[in-house]
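Colleague:
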Amino acid sequence: MTAQRHEPQGVARARGPWRGMELGIGDAMFVSAPGVHLHPQPSEQRMHTWTAADGTSVLVRPIEPDDFELEREFVAGLSRRARYQRLMSARTPQVAELQRWTRIDPEREGALIATVDSDGRERQIGVARYAMEDVEDAAEFAIVIDDAWQGRGLGTHLLSALIECARRSGLRRVYGTTFSENKAMLGLARHLGFKLWLEPGAGFLTGLSLELLADA
12 MTAQRHEPQG
22 VARARGPWRG
32 MELGIGDAMF
42 VSAPGVHLHP
52 QPSEQRMHTW
62 TAADGTSVLV
72 RPIEPDDFEL
82 EREFVAGLSR
92 RARYQRLMSA
102 RTPQVAELQR
112 WTRIDPEREG
122 ALIATVDSDG
132 RERQIGVARY
142 AMEDVEDAAE
152 FAIVIDDAWQ
162 GRGLGTHLLS
172 ALIECARRSG
182 LRRVYGTTFS
192 ENKAMLGLAR
202 HLGFKLWLEP
212 GAGFLTGLSL
222 ELLADA
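Heads up: the sequence shown begins at 12 in this note's numbering, then just goes up one per residue.
(1) My understanding is that A122 touches V138, with C-beta atoms under 8 Å, so please give their C-beta distance in whole angstroms.
(2) Mapping DSSP to helix, strand and coil, what is G137?
(3) How far does the beta strand (DSSP E) with A122 in it extend, from its first residue to its last?
(4) Which residues does DSSP pair with I156 in a beta bridge?
(5) Suppose contacts are defined by Cβ-Cβ distances below 9 Å. Is A64 in contact with R163 by that definition?
(6) Would you call G187 buried or exposed, if buried means 16 or more other Cβ atoms sit within 10 Å of its Cβ?
(7) What residue range is occupied by the uninterrupted beta strand (DSSP E) comprising A213?
(8) Any idea what DSSP makes of A195, helix, strand or coil?
(9) Taking 7 Å as the limit between beta carbons, can you name the residues of its chain near G212, skipping five residues before and five after?
(10) For I74, which residues of its own chain have a beta-carbon under 8 Å away from its beta-carbon, when the five flanking residues on both sides are left out?
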């Protein structure tokens with residue numbers, strides 16, 4: 012699939028309080044759309060277990076405020092290259108940013124983490140999230156997978172689960188951006204049916220967009 016050289020209306024790179032968050036696909040714009048609210052599912056309906064090809068059980072569940080240490084350790088454990096690709100910077104996130112990422116507003120945001128048991132304690136190996144912005148019924152999203160879990164199918168499963176949550180919450184479209192050199196992310200996006208285009212004036216970035224609901 013060849014990246015299209017146009018930008019759908021309403022798609023933009025991140026700006027605002029979540030700028031610089033995890034960037035598996037794109038930085039997230041978390042600006043509430045006036046008068047528009049999601050209809051989140053109960054947490055127990057979004058929690059499930061996924062089994063990797065090697066038999067490892069992975070718990071996928073909504074992120075919680077108490078997951079601050081899990082998130083901090085997860086981000087700290089990313090390789091420099093992975094952190095750069097996903098944060099567009101090799102910097103270390105500030106405490107306030109980590110707190111913001113674990114204390115989401117369920118009426119306009121959604122976030123799922125993937126964890127495994129590691130010597131009797133929970134360890135985070137991935138996170139996918141979306142947030143509404145100022146385009147009605149649309150949200151920008153991001154996904155990050157632990158380096159050791161790259162290429163094992165977790166990214167496909169976690170992003171698919173997030174898309175289903177977004178669809179059930181009433182969103183009609185999700186979108187994001189990624190580095191054009193991030194071939195793995197581009198392949199995942201194509202596999203899940205996203206439309207791709209080169210960002211005007213910034214060919215090193217590729218925009219991604221997926222329609223979730225047909226127009227009424």
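Ideal Cβ positions, reconstructed from N, Cα and C, are used throughout, including at glycine.
Modeller: In terms of the structure at hand:
(1) 7 Å
(2) strand
(3) E120 to S129
(4) G137
(5) yes
(6) buried
(7) A213 to E222
(8) helix
(9) none
(10) E82, W112, T113, I115, A122, L123, I124, V138 and R140
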